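Trainee: Sharing a structure, written as structure tokens. Questions coming.
Number of protein chains: 2
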Amino acid sequence: MRARIEDVAAAAGVSMKTVSRVFNREPNVREETRLRVEEAARQLRYRPNSSARSLAGRRSYLISLLYDNPSSNYIMEIIEGVLAACEQAHYGLTLRPVDFGRRGHVESVEGLVNQYRPDGLVLTPPLTDDLPLLRRLRELDVRYAGISAKRNNARIGATLDERAAVADMMAHVVALGHRRIAHITGHRSHGARAWRLAGYLDGLNQAGIEPDPALVIEGEFSFESGIAGARRLLDLDDPPTAIFGANDDTACGVIYEAAARGLAVPDQLSVFGFDDTPMSRQVWPSLSTIRQPSRDMGRIAARQLLDEISGHGAGGIVRLPYQLQIRHSTGPVPQRR
Amino acid sequence: MRARIEDVAAAAGVSMKTVSRVFNREPNVREETRLRVEEAARQLRYRPNSSARSLAGRRSYLISLLYDNPSSNYIMEIIEGVLAACEQAHYGLTLRPVDFGRRGHVESVEGLVNQYRPDGLVLTPPLTDDLPLLRRLRELDVRYAGISAKRNNARIGATLDERAAVADMMAHVVALGHRRIAHITGHRSHGARAWRLAGYLDGLNQAGIEPDPALVIEGEFSFESGIAGARRLLDLDDPPTAIFGANDDTACGVIYEAAARGLAVPDQLSVFGFDDTPMSRQVWPSLSTIRQPSRDMGRIAARQLLDEISGHGAGGIVRLPYQLQIRHSTGPVPQRR
DNA sequence: CTGTTAGCGCCTTCAA
DNA sequence: TTGAAGGCGCTAACAG
């Protein structure tokens with residue numbers, strides 16, 4: 001049978017409470033006593049029972065990751081990072097896919113909170129900016145860290161300066177001679193849509209290029225919206241020479257449509273995206289894009305959360321560095337004939 | 001405050017135990033009583049506290065998914081399925097990335113088992129066929145369900161007839177006139193490698209084509225091994241007219257290399273893969289491949305496991321149907337000149 | 001078919 | 001610095 005705290009206490013000749021103090025790193029234990037308890041625990045191979053701990057201590061030693069699966073890769077990287085942080089803190093992780101935009105999604109999260117009582121949540125986009133959800137979490141007094149949250153939607157978490165990243169990439173494309181640069185936007189419910197659009201406009205502005213509304217097409221962060229957007233853009237009388245897809249899926253849709261039309265990328269059309277998904281390396285031509293350190297963002301957001309839970313936290317939003325990945329889908333602007 | 005089982009019992013005018021029966025799907029509850037309890041629970045937004053449940057029930061109400069992340073998409077689909085099954089059974093899920101092949105990975109799983117005491121494990125390839133791991137799990141008396149396990153490596157779980165699937169796809173390609181069909185294999189540690197290779201050989205055999213050893217290249221289920229394999233194959237004096245990549249990543253590597261050489265797919269070379277990842281739809285030309293119902297496999301494997309845990313289980317390995325996805329990367333064999 | 005009683009193993013509170 | 005008693009919310013075992 002497994003040893004219980006009682007057994008350890010008996011073996012060490014102290015009370016249960018003293019063993020509990022040792023295991024929870026509470027003060028007020030004499031060094032000598034501590035050592036005796038630790039030795040007894042080792043001998044008995046004692047492991048605290050986490051259910052009992054949670055039940056009595058009103059903490060679950062569990063955090064939950066909420067996501068709306070925009071992209072498997074992204075989520076898996078976030079998960080990896082969050083797991084790494086959890087491991088260090090001896091915390092467990094539960095997952096909660098949330099169908100953002102479906103009626104009752106807030107209640108679904110409430111169910112999770114009621115059942116597992118996670119000590120905190122990590123929110124990924126677009127849930128980070130889901131106002132009804134955030135309001136309810138505050139009412140329920142559930143703390144959370146946000147990944148890529150808009151201003152004021154999270155007190156702690158991790159983010160990236162997407163706007164500056166896009167502006168940087170725009171400068172690269174402008175340097176290649178492009179002036180008619182189009183953008184297929186992200187979905188309206190995502191905070192990233194606004195940042196990336198703003199970066200696009202910043203880039204034009206810095207290059208002294210007048211924005212052309214015909215070159216901004218509504219998209220939704222999907223491959224299909226990339227195809228549809230590319231069709232409209234390439235059918236224009238004066239089509240763009242470069243297209244910025246709001247994420248890699250969108251950009252791949254553009255490449256697909258270009259290939260379908262026999263348009264050579266990058267010789268006749270430059271394309272770039274955002275996210276640096278594995279696919280961006282595996283399409284032909286490989287995609288120029290912006291690398292987002294998702295794994296680190298997950299790890300840091302989780303750490304901020306765990307620190308706050310344990311009271312160690314200075315808190316705050318940590319801004320991580322991005323990185324341009326210039327590959328083969330961007331090239332010099334084609335010569336006019 | 002949150003409702004407890006006591007509150008629900010009071011509201012429904014029954015005892016705590018009856019509420020417990022309803023929530024645990026135990027028999028011996030009159031239908032009318034069950035409905036009354038369910039209604040009361042809904043009104044009070046009652047959710048059983050999982051810590052208390054585990055403590056009293058001497059079960060963790062938790063299963064763990066072990067994976068070695070061959071592909072994010074695959075794992076995320078499996079996770080979705082497993083979560084769906086868990087939800088129904090009011091079970092929680094913990095994840096465990098395992099670095100298969102790294103020393104100490106078995107101990108890492110033991111750590112998981114000791115700490116969380118999951119009531120069972122779901123194993124994904126290649127861990128399903130990791131003999132040292134399986135042996136240890138049996139020693140520890142931890143039950144598990146396997147996904148795509150080789151014969152005898154799991155008693156319960158879900159699988160797919162990969163061999164027949166590949167043979168089917170081969171028949172499709174043969175019908176297009178191809179006779180020099182190459183295969184870039186999967187990694188040796190994966191059971192899928194053998195099945196897919198066998199299906200390839202079956203396909204040749206059924207078409208009366210003598211296998212050519214030069215047309216079978218060692219790969220490892222990666223994009224890079226697809227590129228490397230394609231290079232060797234396309235440099236042959238008598239190159240193949242069709243290449244089967246052991247998975248979609250490999251096949252995409254082949255397409256990439258073909259594009260880099262200016263070889264038109266499918267006009268000059270046909271390519272097909274296995275898995276039906278999202279990428280297979282998003283490359284140009286879109287990839288002919290075999291669809292694997294990963295989500296269902298996760299759901300069913302988890303359900304088999306949960307049934308066994310609760311004693312409801314007839315058990316066994318459920319074989320799921322595959323589906324050919326013929327897209328644009330396979331076409332008639334090029335005319336000889 | 002339904003209810004009662006006694007813990008599950010730990011932490012909290014309060015006393016020493 | 002240490003300990004004793006009570007209870008966290010639920011289920012098992014047994015009783016009706």
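From first to last, the protein sequence lines stand for chains A and B. Counted from 1, the first sequence has number 8 at position 8 by the UniProt record's numbering; the numbering is strictly sequential. Counted from 1, the second sequence has number 57 at position 57 by the UniProt record's numbering; the numbering is strictly sequential. Positions of the beta carbon are idealized from the N, C-alpha and C atoms, including for glycine. In this text, all values refer to a predicted model and were calculated from it rather than measured experimentally.
Report the CB separation of R180 of chain B from T94 of chain B in whole angstroms; it is logged as a contact under 8 Å.
Mentor: Beta-carbon to beta-carbon, R180 of chain B and T94 of chain B are separated by about 48 Å, too far to satisfy the 8 Å threshold.
Trainee: Would you mind sorting residue 343 of chain B into buried or exposed? The rule is 16 or more other CB atoms within 10 Å of its CB.
Mentor: Coverage of chain B is limited to positions 1 through 337, which leaves residue 343 of chain B absent and any answer about it impossible.
Trainee: Tell me which same chain residues have a C-beta within less than 8 Å of the C-beta of A11 of chain A, skipping the five on either side of it?
Mentor: A40, Q43 and L44
Trainee: On the premise that R193 of chain B lies in contact with H187 of chain B, defined as a C-beta separation below 8 Å, what is that separation, rounded to the nearest angstrom?
Mentor: 6 Å
Trainee: Excluding the five sequence neighbours on either side, which residues of its own chain have a C-beta within less than 6 Å of the C-beta of D249 of chain B, listed in chain order?
Mentor: S222 and F223
Trainee: Using a C-beta cutoff of 8 Å, does S270 of chain A count as contacting chain B?
Mentor: no
Trainee: Within 8 Å of any Cβ in chain A, is that where the Cβ of P97 of chain B sits?
Mentor: Residue contact check for P97 of chain B against chain A: a CB pair falls below 8 Å.
Trainee: Check whether the segment 289-296 of chain B touches the segment 89-104 of chain B, taking contact to mean three or more Cβ pairs, one atom from each stretch, closer than 8 Å.
Mentor: no
Trainee: Suppose you measure from the CA of L160 of chain A to the CA of Y322 of chain A; what does that come to, to the nearest Å?
Mentor: 7 Å
Trainee: At least one CB of chain A closer than 8 Å to the CB of P48 of chain B: is that the case?
Mentor: yes
Trainee: Interface residues of chain B around G203 of chain A at Cβ under 9 Å?
Mentor: None at all; the shortest Cβ gap to chain B is about 26 Å.
Trainee: How would you label P27 of chain B, buried or exposed, when you count the other beta carbons within 10 angstroms and need 16 or more for buried?
Mentor: exposed
Trainee: Assess contact between the segment 262-269 of chain B and the segment 325-336 of chain B, defined as three or more Cβ pairs (one per stretch) separated by less than 8 Å. Is contact present?
Mentor: yes
Trainee: Say whether chain A places a C-beta atom closer than 8 Å to the C-beta of S20 of chain B.
Mentor: no
Trainee: What residue ranges within the segment 230-286 of chain A form continuous beta strand (DSSP E) runs of no fewer than 3 residues, ordered along the chain?
Mentor: 242-245 and 270-272
Trainee: Under the rule that 16 or more other beta-carbon atoms within 10 Å means buried, what is R151 of chain A, buried or exposed?
Mentor: R151 of chain A is exposed by the Cβ-count criterion.
Trainee: Count the other C-beta atoms from every protein chain shown that fall within 10 angstroms of the C-beta of A246 of chain B, then say buried if there are 16 or more, exposed otherwise.
Mentor: buried
Trainee: Find out if the Cβ-Cβ distance for the pair G81 of chain A, A228 of chain A is shorter than 8 Å.
Mentor: For G81 of chain A and A228 of chain A, no; Cβs fall outside 8 Å.
Trainee: So, is Q304 of chain B buried or exposed, given that buried needs 16 or more other C-beta atoms within 10 angstroms?
Mentor: The residue is buried, with at least 16 neighbouring Cβ atoms inside 10 Å.
Trainee: By the three-class DSSP mapping on this structure, what secondary structure does R319 of chain A have?
Mentor: strand
Trainee: Only counting the same chain, and skipping five residues up and downstream in sequence, which positions put a Cβ closer than 8 Å to that of F100 of chain A?
Mentor: Annotation for F100 of chain A: D68, P126, L127, D130 and S189 place their beta carbon closer than 8 Å to its own, counting only its chain and skipping 5 residues before and after.
Trainee: Run down chain B in chain order and give the residues with a C-beta less than 8 Å from the C-beta of residue 341 of chain A.
Mentor: Coverage of chain A is limited to positions 1 through 337, which leaves residue 341 of chain A absent and any answer about it impossible.
Trainee: Counting only Cβ pairs nearer than 9 Å, list the residues of chain A close to L93 of chain B.
Mentor: Result: T94 and L95.
Trainee: Between L234 of chain B and chain A, is there a C-beta pair that is closer than 8 Å?
Mentor: no
Trainee: To which residues does DSSP link G120 of chain B through a beta bridge?
Mentor: B:I63
Trainee: From F272 of chain B to A154 of chain A, what distance separates their C-alpha atoms?
Mentor: 46 Å
Trainee: Just to confirm the assignment, what range does the beta strand (DSSP E) spanning L93 of chain A have?
Mentor: G92 to P97
Trainee: What is the DSSP secondary structure of S71 of chain B, counted as helix, strand or coil?
Mentor: Residue state, collapsed to three classes: coil.
Trainee: Counting only C-beta atoms, is Q115 of chain A closer than 8 Å to chain B at any point?
Mentor: yes
Trainee: Can you find a C-beta in chain B that's less than 8 Å from the C-beta of I326 of chain A?
Mentor: no
Trainee: Say whether chain A places a C-beta atom closer than 8 Å to the C-beta of P332 of chain B.
Mentor: no
Trainee: Which term fits Q282 of chain B, buried or exposed, when burial requires 16 or more other beta carbons within 10 angstroms of its beta carbon?
Mentor: buried
Trainee: I'd like to know whether the C-beta atoms of A171 of chain B and I217 of chain B end up nearer to each other than 8 Å.
Mentor: no
Trainee: Report all residues from its chain with a CB closer than 7 Å to the CB of R337 of chain B; omit the five preceding and five following residues, and keep chain order.
Mentor: Because the pLDDT of R337 of chain B is 49, which lies under 50, any placement of that residue in the model is unreliable, and the number read from its coordinates should be weighed accordingly. No residues qualify anywhere along the chain.
Trainee: Would you mind sorting S15 of chain A into buried or exposed? The rule is 16 or more other CB atoms within 10 Å of its CB.
Mentor: exposed
Trainee: With R291 of chain A as the anchor, note down where its alpha helix (DSSP H) starts and where it stops.
Mentor: First-last for R291 of chain A: T289 to R291, but that is the beta strand (DSSP E), not the alpha helix (DSSP H).
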